[in-house]
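Read in order, the letters of the sequence shown are residues 248 to 611 in this note's numbering.
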Amino acid sequence: MTERVGQKLGNYRLMQSLGQGSVAEVYLGEHMQHAKLAALKVWHKQLSSEEMQRFQSEAERLALLDHPHIIHILEYGVTDNFPFVVMDYASEKSLRQRFSRGMQLSLATIVPIARQLADALAYVHNKDIVHGDIKPENMLTGPRNEVLLSDFSMTSIAQSSHAQKSLDTVNIVAYMAPEQLQGQPDKASDQYALAVVIYEWLSGKLPFYGSFIEVATQHLIVPPAPLHRTVPTVLPAAEEAVLRALEKNPRKRFKGVREFVDVLEEAQQSERKSTFAMGGNAPLPTEKSDRATSNTRISSMNVLSSDSFNKYWHVIAFYDIEIQRNPHDAMSYSERGDAYYMLEEYERAILDYNYALALDSKCI
C-alpha cells in the first residue's frame, strides 16, 4: 500500500489518512486553490485499460447524483492506474460510530433515520443505480445531523478478483442479500441490506454470525431468528416488516424501500397511539407546562421546521444511547422527555418524565 500523504490527486493535496482497509484508503484532502476540504478514496488495485474505461463511466454516472442525503462526488480520476474519487467531507461520525455494535435502538429513533436512507435509495433506484454496500459504516452524518449515504459500490472494481478475495476482510458479507452473493445485485438487495441494519439496531445483533462462508450460506438458506426472541417488546408489525424485507426471494420483499419504511413508520405510529390510549389522559407535570415557549407554540401550530424536527429526533437518539449506557440517569430521561415534548409526542414525554421523577424527584 502506497503512502500518499503530501501527494496531489486531481485538484487536491492529501493531508492525512482518515482510514484504510484491504480495498482502499480514504484521505482528507484540501483543494489547492479554494482550500476546501474533501474526502478522497483511493483504491489499492491498479486497473486494466478495460477496467479503467468502466470505472470512468461508472464514476461519471455517480457524480451526477444530487440528493440531500447522498454524499456528492466532486471529482474522479486515475493516477498510475489507481482509481480515486473525491467526495464531500463529512466531519461528523458515521452511524457505526454513533451507534456501536450491540446497542439496541428504539423504533422511534430508527424510523427518522430509515426515512432519510429510503429517500436516498429511492432516488438512486429511480435512476437504475444500486448502492450495493449498505451498512452503518457508509451512513454518515452531516453538519445538521442529517444522514448521508456514502460509498456506492463500484462494480468496475468490486468485480475484480482482488476485490472479491477481500470481501471477508471488509465485513461486507454481513449485509449482503442472497442474490448479491450470487453475483446478481438488484434494487431489492439494498432493501435487504437496510433490513439487516434495522434488525441489528432493534436487537443489538446481526441476524447471522460466523466465518465468511458460514454467513454467506446463512444468507442463502437460513431464515433469520424472529426478533421477539431477543426483543420481547418489538411490535409484531415492525418485526413482520423487517422479516419480509429479509426474504431470500427478492420478489417476496416490498416493492420498494420506501414501502418498507412506510410500514415501519405505521408500526411506530400505532405504538404511539397505543401508549397514548393507556396514559395520554395524564396531565403533563406543571414544571414542564411552564416551559411552553414560543418554539412550543410554533410546534403546536404544526409549522415546526424540518431542521428543528430533525434536531429533536437526533437529541432523542443521543439520549437513547446515554440511557443504554446508564439506565439510572434521571437527567437523560428528563432531557429526552423535553425533546419528545417539543415534537408533541406528549405520551412519550410523560413516560420519560415519570421515569425521571421515579429516579430523582428533584430532577424536573
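Every residue, glycine too, gets a C-beta built ideally from N, C-alpha and C. Computed from a predicted structure; not experimentally measured.
Cutoff 7 angstroms; reference residue i; Cβ partners in own chain excluding five residues on either side
i      : result
ALA369 : GLY503, VAL504 and ARG505
GLU486 : PRO473, LEU474 and HIS475
Pair within 8 angstroms by beta-carbon distance, residue i and residue j
i      : j      : result
TYR587 : ILE563 : yes
ARG583 : ASP599 : yes
ILE357 : LEU453 : no
ASP567 : LEU352 : yes
HIS192 : LEU396 : Absent from the structure is residue 192, since the part of the chain shown begins at 248 and ends at 611.
GLU272 : VAL289 : yes
LEU474 : VAL462 : no
TYR336 : ALA282 : no
PRO383 : LEU342 : yes
MET401 : PHE302 : yes
GLN438 : ALA492 : yes
TYR274 : LEU284 : no
TYR446 : PRO471 : yes
ASP433 : PRO497 : yes
VAL478 : PHE455 : no
Residue i versus residue j: straight-line alpha-carbon distance, rounded
i      : j      : result
LYS340 : THR388 : 6 angstroms
GLY349 : ILE376 : 31 angstroms
SER517 : ALA367 : 25 angstroms
MET578 : ARG572 : 13 angstroms
ASN549 : LYS558 : Since pLDDT at ASN549 reaches only 41, below the 50 mark, its modelled position is unreliable, and the value read off the structure follows with that caveat. Going by the C-alpha atoms only, they are around 16 angstroms apart.
LEU309 : ASN418 : 23 angstroms
VAL481 : LEU354 : 9 angstroms
ARG538 : TYR580 : Note that ARG538 scores 37 on pLDDT, short of 50, meaning its location in the model is unreliable; the coordinates nonetheless yield the value given after this. In a straight line, the C-alpha of ARG538 is about 16 angstroms away from that of TYR580.
MET423 : GLY257 : 33 angstroms
GLY451 : ASP313 : 33 angstroms
LEU265 : LYS255 : 16 angstroms
ALA298 : PRO330 : The question names Ala, but residue 298 in the sequence shown is Glu. So the alpha carbons of these two residues sit roughly 10 angstroms apart.
VAL279 : HIS291 : The sequence given here places Met at residue 279; Val does not occur at that position. Taking the straight line joining both Cα atoms gives about 24 angstroms.
GLU591 : GLN515 : 15 angstroms
ALA440 : ALA365 : 12 angstroms
PHE346 : VAL444 : 11 angstroms
LEU321 : GLU250 : 23 angstroms
LYS374 : SER304 : 15 angstroms
LYS334 : PHE507 : The sequence shown places Met at residue 334, not Lys. Near 29 angstroms, if we compare the C-alpha coordinates of PHE507 and MET334.
VAL371 : LEU511 : 21 angstroms
PHE501 : LEU311 : 27 angstroms
GLY379 : VAL394 : 18 angstroms
LYS609 : GLY457 : 48 angstroms
LYS499 : PRO390 : 38 angstroms
Span of the beta strand (DSSP E) around residue i
i      : result
GLU272 : 271 to 278
ASP335 : 329 to 335
THR326 : 320 to 326
LEU590 : No beta strand (DSSP E) holds LEU590; DSSP gives it neither H nor E.
LEU387 : 386 to 388
VAL289 : 284 to 290
GLN263 : 259 to 267
Terminal residues of the alpha helix (DSSP H) in which residue i lies
i      : result
ILE597 : 593 to 606
GLU487 : 483 to 492
TYR370 : 354 to 372
SER397 : Where SER397 is concerned, there is no enclosing alpha helix (DSSP H), given that its DSSP letter is neither H nor E.
ALA442 : 434 to 450
PHE459 : 459 to 468
PHE302 : 296 to 310
GLN429 : That residue, GLN429, is in no alpha helix (DSSP H); it is neither H nor E in DSSP.
ARG345 : 342 to 345
Of the listed residues the options, nearest to residue i (C-alpha basis)
i      : options                           : result
SER436 : GLY257, ASN258, ILE381 and SER458 : ILE381
PHE426 : GLN465, ARG345 and LEU590         : Position check: residue 426 holds Glu in this sequence, whereas Phe was assumed. Closest by alpha carbon: GLN465.
VAL325 : VAL478, LEU312, LYS374 and GLN293 : GLN293
GLU513 : ASP327, PHE331 and ARG362         : ARG362
GLU277 : GLU322, PRO432 and TYR259         : TYR259
ILE460 : ALA421, GLU487 and PHE346         : ALA421
SER295 : ASN392, ASN328 and GLY268         : ASN328
LEU604 : GLU592, GLU591, HIS575 and GLU594 : HIS575
PHE565 : GLN344, LYS499 and LEU311         : GLN344
LEU467 : LYS495, SER458 and GLU487         : LYS495
Spatial neighbours of residue i in its chain, beta-carbon cut-off 6 angstroms, leaving aside the 5 residues before and after
i      : result
PRO359 : TRP560
TYR323 : ALA306 and VAL332
SER338 : none
ALA596 : GLY584, TYR587 and TYR588
ALA442 : VAL489, ALA492 and LEU493
Cβ shell of residue i (< 8 angstroms), same chain only, five flanking positions each side left out
i      : result
ILE570 : ASP576, SER579, TYR580 and ARG583
ASN392 : GLU339, ASN557, LYS558 and HIS561
SER263 : The residue asked about is misnamed: residue 263 is Gln in this sequence, not Ser. Within the same chain, GLN263 has close Cβ partners VAL252, TYR274 and LEU275.
Below-8 angstroms beta-carbon distance, residue i vs any chain D residue
i      : result
LEU441 : Of the protein chains in the structure, only one exists, and it is not chain D.
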